[in-house]
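At position 151 of the first sequence the residue is numbered 178 (the numbering used here), and the sequence of numbers has no breaks.
For every residue, glycine included, the Cβ atom is placed at its ideal position computed from N, Cα and C.
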Amino acid sequence: MLQQTRVETVIPYYHAFMEKLPTIEALAAIEDQKLLKLWQGLGYYNRAANMKKAALIIVEEYNGRLPEKAELLMKLPGIGIYTAGAIASIAFGEKVPAADGNVFRVVARITGEEGNILKSNIQKKLRHQIANLLPDEKTGDFNQGLIELGALICIGNGMPRCGECPVRDDCMAYEKNLQKVLPNRSKNKSRKIEYKSVVLLTSKKKIALVQRQNDVLLANLWEYPVIENFCEENELAEALQKQGINVTGIRELTKEKAVFSHKEWHMKVYYAETETMDEVFTWKSKEEISKYYPVASAYAGCWKYLPE
DNA sequence: AAACCGGGGAA
DNA sequence: TTCCCAGGTTT
């Protein structure tokens with residue numbers, strides 16, 4: 028859950044998750060739809076699928092217990108070099124590094140590393156430097172110390188709190204006043220803008236839903252019927268007609284924008300009604316959607332327009 | 001090595 | 001708006 032996601036964001040999801048799925052066996056057995064509902068709004072939905080895959084492997088191949096070595100943990104879906112190092116060192120005391128984004132930033136500042144810390148060769152170099160410093164005992168505490176130093180003091184967004192830093196006298200960035208320059212990170216690319224028309228199609232207090240494909244953005248989440256590009260009322264009515272759906276009362280409600288890391292959706296949101304609940308859609312009440320159907324946050328703005 | 005995969009909070 | 005977050009997998 029914590030991969031590329033803030034601790035504060037994760038906490039409520041974590042509690043709900045542990046309540047519902049307290050054991051690896053429970054995780055391995057949960058229905059995909061229920062798992063996705065628990066993950067709704069967290070983003071990076073592959074993480075949920077990977078976690079279940081890993082749970083199945085742990086149950087089948089490891090008798091329900093996590094392997095303790097980083098090398099084996101790395102083979103599990105969703106566990107890469109950082110997570111494997113964190114689990115192995117913190118939970119099982121193995122002497123391996125656990126270098127996340129915090130740690131790369133801290134070490135780059137301390138050593139004066141000028142390379143881009145998002146590039147794999149620079150991360151490899153920094154991990155080797157950390158590996159040479161690891162203590163034989165309490166390696167997990169040492170790793171957590173580095174992570175916590177980055178999270179609380181040597182922060183990534185804004186000026187680091189060097190006045191509170193226990194290692195500032197050994198820090199290149201502090202000595203040479205390079206806190207704003209280090210670490211070096213590649214710039215984010217501009218986002219591609221996509222235009223869509225969404226229709227909140229209702230029939231007898233039920234709302235039309237569609238499930239997204241499993242190999243796209245927001246895989247397997249549900250959404251309201253969508254067509255490409257901004258369109259006018261008559262064009263939308265025609266598009267629905269082609270699927271055999273006659274609508275009435277069609278009108279534009281609002282415009283919504285959803286911002287992702289790499290793209291933006293600009294959405295024109297329509298309301299429409301239809302007599303028959305055609306099978307091309309899944310028809311659910313607002314209450315059913317909120318309880319059982321994971322809908323992407325991109326559509327959160329549509330919620331207040333749905334009938335009770 | 002680069003592209004892809006979300007969402008939200010802070011600057 | 002941009003930046004960045006207890007990253008990993010696929011191409």
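Coarse secondary structure for residue i, derived from DSSP in three states
i, result
"alanine 76", "helix"
"methionine 28", "coil"
"glutamate 306", "coil"
"isoleucine 144", "coil"
"threonine 50", "coil"
"glutamine 238", "strand"
"valine 123", "coil"
"alanine 285", "strand"
"asparagine 170", "helix"
"serine 213", "coil"
"arginine 92", "coil"
"isoleucine 108", "helix"
"leucine 160", "coil"
"leucine 280", "strand"
"glutamate 250", "strand"
"valine 243", "coil"
"valine 86", "helix"
"valine 37", "helix"
"lysine 233", "strand"
Range of the contiguous beta strand (DSSP E) that encloses residue i
i, result
"methionine 294", "290-301"
"leucine 99", "Here leucine 99 belongs to no beta strand (DSSP E); instead the alpha helix (DSSP H) covers 97-100."
"serine 230", "219-230"
"isoleucine 254", "253-255"
Run of the alpha helix (DSSP H) containing residue i, from where it starts to where it stops
i, result
"leucine 263", "260-269"
"leucine 63", "59-66"
"glutamate 191", "Run containing glutamate 191: none; DSSP gives neither H nor E here."
"tyrosine 201", "199-202"
"isoleucine 137", "128-138"
"lysine 313", "313-319"
Buried or exposed by the 16-neighbour rule on C-beta atoms within 10 Å, applied to residue i
i, result
"proline 39", "exposed"
"phenylalanine 44", "buried"
"tryptophan 330", "exposed"
"glutamate 191", "exposed"
"methionine 78", "buried"
"threonine 275", "exposed"
"asparagine 247", "buried"
"proline 94", "buried"
"valine 133", "buried"
Inter-residue CB distance, residue i and residue j (contact presumed, cutoff 8 Å)
i, j, result
"alanine 81", "proline 104", "5 Å"
"proline 321", "leucine 63", "4 Å"
"leucine 333", "lysine 313", "5 Å"
"leucine 263", "valine 226", "6 Å"
"leucine 32", "leucine 65", "At residue 32 the sequence reads threonine, which differs from the leucine that was named. Actually they are not in contact, since the Cβ atoms of threonine 32 and leucine 65 sit about 14 Å apart, beyond 8 Å."
"isoleucine 137", "methionine 199", "6 Å"
"alanine 178", "leucine 245", "Not quite, the Cβ-Cβ distance comes to about 28 Å (not below 8 Å), so this is no contact."
- For the region 305-321 against the region 232-239, are there 3 or more C-beta pairs whose distance is under 8 Å? yes
- Message: Does the region 286-294 come into contact with the region 211-220, if we say contact requires no fewer than three beta-carbon pairs (one atom in each stretch) closer than 8 Å?
- Response: yes
- Item | the region 140-159 / the region 85-103 touching (three or more Cβ pairs under 8 Å) | no
- Message: Taking contact to mean 3 or more Cβ pairs, one atom from each stretch, closer than 8 Å, check whether the region 104-124 and the region 161-168 are in contact.
- Response: yes
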